[in-house]
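Trainee: Protein chains in written order, with my numbering: chain A, 1 to 135; chain B, 1001 to 1476. Positions of the beta carbon are idealized from the N, C-alpha and C atoms, including for glycine.
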Amino acid sequence: MLEQYIPVLLLVALAVVTAMAFIVLSRLLGPQRPASNKLGAYESGMDPVGQARDRYSVSFYIIAMEFIVFDLEVIFIYPFAVRFQEFGAGTFWAMMLFIFILFLGLVYTLKKGSFDWTAVPLQDEQSQESSYKIS
Amino acid sequence: MESANELLTILPLIIIGAAGLFVMMLDAFTGSARLAYLATILFSAAALAVAVSDLFGPMGESFHGLITYGGTSSFGMVLVMTGTLFSVILSRDYLEKTGMHIAEVYSMILFAAFGMLLLVSSNNLVTLFLGIETMSISLYVLAGLVKNHKKSVEAALKYFLLGAFATGFLLYGIALLYGASGSTFLVDIAATEDKGMIYWAGVGLLLVGFFFKISAVPFHMWTPDVYQGAPTTITAFMATASKAAAFVAFILVLSRALPDARADWSDVIWLFALLTMVVGNILALVQDNVKRMLAYSSIAHAGYIMIGLAAGTDAAYSAVLFYLFAYTLMNIGAFGIVAYYEWHKGYDFTEVSNYSGLGFKQPIMGVLMSVFLFSMVGIPPFAGFIGKYRVFAAAVDEGLISLVIVGVLASAASVYYYLRVLVHLFMKESENGIVLSRPGTLYTASLLILAALTIFFGINPGVLTDLLGSFWTVQY
Chain A
1 MLEQYIPVLL LVALAVVTAM AFIVLSRLLG PQRPASNKLG AYESGMDPVG QARDRYSVSF
61 YIIAMEFIVF DLEVIFIYPF AVRFQEFGAG TFWAMMLFIF ILFLGLVYTL KKGSFDWTAV
121 PLQDEQSQES SYKIS
Chain B
1001 MESANELLTI LPLIIIGAAG LFVMMLDAFT GSARLAYLAT ILFSAAALAV AVSDLFGPMG
1061 ESFHGLITYG GTSSFGMVLV MTGTLFSVIL SRDYLEKTGM HIAEVYSMIL FAAFGMLLLV
1121 SSNNLVTLFL GIETMSISLY VLAGLVKNHK KSVEAALKYF LLGAFATGFL LYGIALLYGA
1181 SGSTFLVDIA ATEDKGMIYW AGVGLLLVGF FFKISAVPFH MWTPDVYQGA PTTITAFMAT
1241 ASKAAAFVAF ILVLSRALPD ARADWSDVIW LFALLTMVVG NILALVQDNV KRMLAYSSIA
1301 HAGYIMIGLA AGTDAAYSAV LFYLFAYTLM NIGAFGIVAY YEWHKGYDFT EVSNYSGLGF
1361 KQPIMGVLMS VFLFSMVGIP PFAGFIGKYR VFAAAVDEGL ISLVIVGVLA SAASVYYYLR
1421 VLVHLFMKES ENGIVLSRPG TLYTASLLIL AALTIFFGIN PGVLTDLLGS FWTVQY
């Protein structure tokens, strides 16, 4: 029984060996130029040290919101996709309508400049003098 | 699969939903607030016409019992669409003059109206929840319409946080009721055999959720701040359409899901109606800001309406529906006139002391304000009187005499704060040399129509009361 897991074991061993080899090789062959930036977080591009209540571009929020909307859309589509053949054409068109309405929302935000990162997004003349002050 | 006939039963919903999307696209591609306004007027008027014609149509259920149509639901739709249509008409002048005229307002109003329409036609707690949320989320946005105004932002945030909290109560109530009855359909909940702790906890939490939406004391804290902070015509929309929709849905739930438990929830509503009337009226007495005064007055009105719910008979429900109609007419009117005074620059025309002598400067507006305020007091021959009379009479028939006595005393006290505005308008000398501009023709015309309807249904209530009475005698 257990013999059939030998390939898996081999794969694990291979992965470990390869990873070790890369670490060792890069230490032996690579140039060593230490810098403080290299210790920072890599992916998000934001400084992980300091106040949590920092200001950053509102565009992040807009992208996040749109991500959530379309992420949730997928949640609705999955159960529909599994069962829609049993439910017939009515459900199909209902889902198409749902997707169309969400699509209109995307068109709206697009037209309002949500992906226009060079301009100040979603602001009118009044608020352009100061984005944060409320009074 | 649903047939075309079933779609016809929710025609107003389809019209308003499509209108919301259309206006949103209009905004995205043209950015013209004026076009958005015109489209909103056309679609709202169409939906109102359909809802009015549905009043005389059949009643029943569609979409496997998720939706109820005709009768009370159609009347709820008429209330919502009347509120929407007049708020939209009044909004344009007000928002233009105060520099807030953007096309988004109209699509958000339409989405909120869509939620309200769904709310009044819900026959299932999940449909009801969807309606309440669509309505509420759009209203949170509308309350914070003026992004650079501190009060408006505060109103939006407060409304959102408290509203989300109340939604939690409502949803938990729905979940518990589902646990107790095994269904979210109103009729199945009515048929629950085993009324244990879970059932009663569910009913209680559901009531709390509704009490928040109709701003009954002690769940009223958000009302004055939100009504004051939001743009005035949006306040008119929130105070009339959303409240009327919540009340109609409350009637649907009480009469269809919980008819057997009436003896129990009647006592609860009795207590909250008492608190709401007393606290609402007393706090309204000390307000110097007209918008806050009208907010507390709307709390007080919710109290009077709850007397009818506590009575819980068919006659009481139809009286409540009539009251809601009168309430919608006179509140939009009153807020519309406050909005008119408010758009003049130089003074804060939401403070009652600045109203001195304004009544004679534009007599039409002064007289209309008197009509709406007298109707709110409940003086014949205005619709407000008939509404109050019929609710109180239905409650007396059910033996709720002490509650009615409090109601009558409370509305006697309310004369003070309503008449205070009129005293300032007509009996005091003007201290500032403000010159009032002429309101637009459509603005005046819509206020005149509201006043005419207030007087017409005050003199001739039979037209409507016969119709409303017929909703509850037809069984389906």
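(1) Can you name, in chain order, every residue of its own chain whose Cβ lies under 6 Å from the Cβ of residue 1336(B), other than the five neighbours on each side?
(2) Rounding to the nearest angstrom, what Cα-Cα distance links residue 1329(B) and residue 89(A) in this structure?
(3) How should residue 7(A) be labelled, buried or exposed, when 16 other C-beta atoms within 10 angstroms of its C-beta is the threshold for buried?
(4) Taking residue 1021(B) as the query, report the chain A residues whose CB atoms sit under 7 Å from its CB, ordered along the chain.
(5) What residues of chain A sit near residue 1029(B), judged by a beta carbon separation below 8 Å?
(6) When you measure from the CB of residue 1118(B) to every non-hydrogen atom of the ligand NAD, does any distance come out below 7 Å?
(7) What is the rounded straight-line gap between the Cα of residue 1399(B) and the Cα of residue 1120(B)?
(8) Buried or exposed, going by whether 16 or more other CB atoms sit within 10 Å of the CB of residue 1354(B)?
(9) Nearest CA to the CA of residue 1102(B): which residue from 1427(B), 1150(B), 1146(B) and 1289(B)?
(10) CA-CA distance, residue 70(A) and residue 64(A)?
(11) With the cut-off set at 8 Å, would you say residue 1313(B) and residue 1394(B) are in Cβ contact?
(12) Could you name each continuous beta strand (DSSP E) segment of 3 residues or more that falls completely within the segment 1061 to 1102 of chain B, going from the start of the chain to the end?
(13) Using a C-beta cutoff of 8 Å, does residue 56(A) count as contacting chain B?
(14) Where DSSP assigns a beta bridge to residue 947(B), which residues make up the other side?
(15) Would you check if the distance between the CB atom of residue 1174(B) and the CB atom of residue 1206(B) is smaller than 8 Å?
(16) For residue 1218(B), count the other beta carbons within 10 Å of its own beta carbon; 16 or more makes it buried, fewer makes it exposed. Which is it?
(17) Tell me the residue span of the alpha helix (DSSP H) that contains residue 1301(B).
(18) Leaving out the 5 sequence neighbours to the left and right, which residues in its chain are closer than 6 Å to residue 1160(B) when beta-carbon positions are compared?
(19) Secondary structure at residue 18(A), three-state DSSP: helix, strand or coil?
(20) Between residue 121(A) and chain B, is any beta-carbon pair separated by less than 8 Å?
(21) Taking just the CA atoms, how far does residue 1349(B) sit from residue 1156(B)?
(22) What is the rounded straight-line gap between the Cα of residue 1345(B) and the Cα of residue 1365(B)?
(23) What residues from chain A crowd round residue 1025(B), counting only those whose CB sits closer than 8 Å?
(24) Would you say the segment 1052 to 1066 of chain B touches the segment 1107 to 1120 of chain B, given that touching needs at least three Cβ pairs under 8 Å?
(25) How is residue 1351(B) classed by DSSP in three states: helix, strand or coil?
(26) What residue does the alpha helix (DSSP H) around residue 1282(B) start on, and which one ends it?
(27) Tell me the DSSP secondary structure of residue 3(A) in three-state form.
(28) Name the two residues that bound the continuous alpha helix (DSSP H) containing residue 54(A).
(29) Go ahead and pull the three-state DSSP assignment for residue 1435(B).
(30) Under a three-way DSSP split, which group does residue 1105(B) fall into?
(31) Given this structure, state the Cα-to-Cα distance separating residue 1019(B) from residue 1111(B), to the nearest angstrom.
(32) Check whether the segment 1381 to 1393 of chain B touches the segment 1249 to 1267 of chain B, taking contact to mean three or more Cβ pairs, one atom from each stretch, closer than 8 Å.
(33) So residue 1285(B) and residue 1417(B) are in contact, right, with Cβ under 8 Å, and what is the actual spacing, rounded?
Mentor: With the structure as the only source:
(1) 1090 and 1447
(2) 44 Å
(3) exposed
(4) 101 and 104
(5) Think of a sphere of 8 Å around the beta carbon of residue 1029(B): the chain A residues whose beta carbon falls inside it are 111, in chain order.
(6) Ligands in the displayed structure: none, and consequently the ligand NAD is not present.
(7) 29 Å
(8) buried
(9) 1146(B)
(10) 10 Å
(11) yes
(12) 1067 to 1069
(13) Not one chain B Cβ lies under 8 Å of residue 56(A).
(14) Since the first residue of chain B shown is 1001 and the last is 1476, residue 947(B) is not available in this structure.
(15) yes
(16) Counting Cβ neighbours within 10 Å, residue 1218(B) comes out exposed, since fewer than 16 surround it.
(17) 1290 to 1311
(18) Only 1140 meet the Cβ criterion.
(19) helix
(20) Interpretation of residue 121(A) is limited by its pLDDT of 47, a score under 50 that renders its predicted location unreliable; the figure taken from the coordinates is listed afterwards. No, residue 121(A) does not count as interfacial toward chain B.
(21) 22 Å
(22) 17 Å
(23) 104, 107 and 108
(24) no
(25) strand
(26) For residue 1282(B), the uninterrupted alpha helix (DSSP H) segment begins and ends at 1262 to 1285.
(27) helix
(28) First-last for residue 54(A): undefined, no H or E at that position.
(29) coil
(30) helix
(31) So the two alpha carbons sit approximately 9 Å from each other.
(32) No, because fewer than three Cβ pairs between the segment 1381 to 1393 of chain B and the segment 1249 to 1267 of chain B fall closer than 8 Å, the two stretches do not touch.
(33) That belief holds up - the Cβ atoms of residue 1285(B) and residue 1417(B) are roughly 5 Å apart, short of 8 Å.
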